[in-house]
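Peer 1:
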Amino acid sequence: MTRELTITGESINEAALLAQRKMSSGMGAAIYFLGVVRESEGAGKISAIEYETFQKMAEHQFNLLFDEMEKRWPIESVRLVHRIGVVKVGELSLWAEITAPHRGEAFASCQWLIDEMKRVVPIWKNPLVKL
Amino acid sequence: MQISVHFYSYFKELTGCAETREELSDGATIADLFRQLSQKFPKLNAMKKSTLVAVGVEYQTWDYVLKNGDEVSLFPPVQGG
Chain V
9 MTRELTITGE
19 SINEAALLAQ
29 RKMSSGMGAA
39 IYFLGVVRES
49 EGAGKISAIE
59 YETFQKMAEH
69 QFNLLFDEME
79 KRWPIESVRL
89 VHRIGVVKVG
99 ELSLWAEITA
109 PHRGEAFASC
119 QWLIDEMKRV
129 VPIWKNPLVK
139 L
Chain D
98 MQISVHFYSY
108 FKELTGCAET
118 REELSDGATI
128 ADLFRQLSQK
138 FPKLNAMKKS
148 TLVAVGVEYQ
158 TWDYVLKNGD
168 EVSLFPPVQG
178 G
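Protein chains in written order, with the working numbering: chain V, 9 to 139; chain D, 98 to 178.
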């Protein structure tokens, strides 16, 4: 399984990521998930979320998750980009893509990855309230 | 032994700092470290149940026995995505 992980303060360029997709002839499914900053967090309106990370640990924890995915499903590739710093409402905070032979393992593994990321990868949100 | 401690997210506001150094006796655990930190930073104490702890880049439990030079990180539940 190939893996690409990027934790960045730069905007996520979805078009460029899609253009870089590589799939072998045995793969029948590619799915990707977008995380987008909503205009509300809890009860209040916000203008942005500031993401903070403990980057070295985040990279390690993501790689542990990728190791586990490789054991559980016949995935060919995983690519994940998580933005840190200030991300405005409507902008992408997360982009994750998985390619696999069939849709079942692609959907299941992507759902698992996002759920586990929210449980173990040290990234935190600080909503910036709209003035 | 000397232990360095890093705080993340709102734990930095609770303690007023991003990192500190603590002197502990040999055989001390993360629970002992947290007790010591709670005396220095009283607002931390209420967070104990939800606190996550790492040594280096690995999660650890309260009974982990610390070693001289360990880098401990304390932080609230994570929320990526």
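Where a beta carbon is used, it is the ideal one built from N, C-alpha and C, also for glycine.
Treat the numbers as computed from the prediction; the structure is a model and nothing was measured.
Taking DSSP's pairing of strands, which residues face Leu7 (chain V) in a bridge?
Peer 2: Because chain V here runs from 9 to 139, residue 7 (chain V) falls outside it and cannot be looked at.
Peer 1: Going along the chain, which residues of its own chain have a beta-carbon closer than 6 Å to the beta-carbon of Ala151 (chain D), five neighbours each way excluded?
Peer 2: Ser170
Peer 1: Since Ile127 (chain D) contacts Gln157 (chain D) with CB under 8 Å, what's their CB separation in whole angstroms?
Peer 2: 6 Å
Peer 1: Mind listing the chain D neighbours of Lys133 (chain V)? Cutoff is C-beta to C-beta under 7 Å, in chain order.
Peer 2: Think of a sphere of 7 Å around the beta carbon of Lys133 (chain V): the chain D residues whose beta carbon falls inside it are Gln176, in chain order.
Peer 1: Kindly give me the distance between the Cβ atoms of His90 (chain V) and Ile15 (chain V), rounded to whole angstroms, as I take these residues to be in contact under 8 Å.
Peer 2: About 5 Å separates the Cβ atoms of His90 (chain V) and Ile15 (chain V), confirming a contact at the 8 Å cut-off.
Peer 1: How would you label Ser19 (chain V), buried or exposed, when you count the other beta carbons within 10 angstroms and need 16 or more for buried?
Peer 2: exposed
Peer 1: Give me the chain V residues within the contact set of Ser147 (chain D), using Cβ-Cβ distance strictly less than 8 Å, ordered along the chain.
Peer 2: Those do not exist, as Ser147 (chain D) stays about 13 Å from chain V at its closest Cβ, beyond 8 Å.
Peer 1: Hey, is the segment 92 to 110 of chain V in contact with the segment 49 to 60 of chain V, meaning 3+ C-beta pairs nearer than 8 Å?
Peer 2: yes
Peer 1: For Ser48 (chain V), is the classification buried or exposed, using 16 other Cβ atoms within 10 angstroms of its Cβ as the cut-off for buried?
Peer 2: Residue environment for Ser48 (chain V): exposed (fewer than 16 other C-beta atoms within 10 angstroms of its C-beta).
Peer 1: Rank V:Lys126, V:Cys118, V:Lys96 by C-alpha distance to the C-alpha of Val44 (chain V) and give the top, closest one.
Peer 2: Of the listed residues, the one whose Cα sits closest to Val44 (chain V) is V:Lys96.
Peer 1: Closest by CA to Thr112 (chain D), which one among D:Gly177, D:Gly178, D:Pro173?
Peer 2: D:Pro173
Peer 1: Closer than 8 Å by C-beta to Arg118 (chain D): which residues in its own chain qualify, once you throw out the five before and the five after it? Chain order, please.
Peer 2: Gln99, Ile100, Ser101, Val102
Peer 1: Is it the case that the Cβ atoms of Glu84 (chain V) and Ala108 (chain V) are separated by a distance below 8 Å?
Peer 2: Going by C-beta atoms, Glu84 (chain V) is nearer than 8 Å to Ala108 (chain V).
Peer 1: For Ser106 (chain D), which of helix, strand or coil comes out of DSSP?
Peer 2: coil
Peer 1: Nearest chain V C-beta to Phe138 (chain D) closer than 8 Å, yes or no?
Peer 2: no
Peer 1: State yes or no: is the C-beta of Gly34 (chain V) within less than 8 Å of the C-beta of Ile92 (chain V)?
Peer 2: No, the pair does not count as a contact, with Cβ atoms beyond the cut-off.
Peer 1: Please report whether the beta-carbon of Val154 (chain D) lies at a distance below 8 Å from any beta-carbon of chain V.
Peer 2: Closer than 8 Å to the CB of Val154 (chain D) there is at least one CB belonging to chain V.
Peer 1: With 16 as the cutoff for other CB atoms within 10 Å, does Trp159 (chain D) come out buried or exposed?
Peer 2: Flag for Trp159 (chain D) reads exposed.
Peer 1: Give the range of the beta strand (DSSP E) segment to which Phe138 (chain D) is assigned.
Peer 2: For Phe138 (chain D), there is no enclosing beta strand (DSSP E), as DSSP marks it with neither H nor E.
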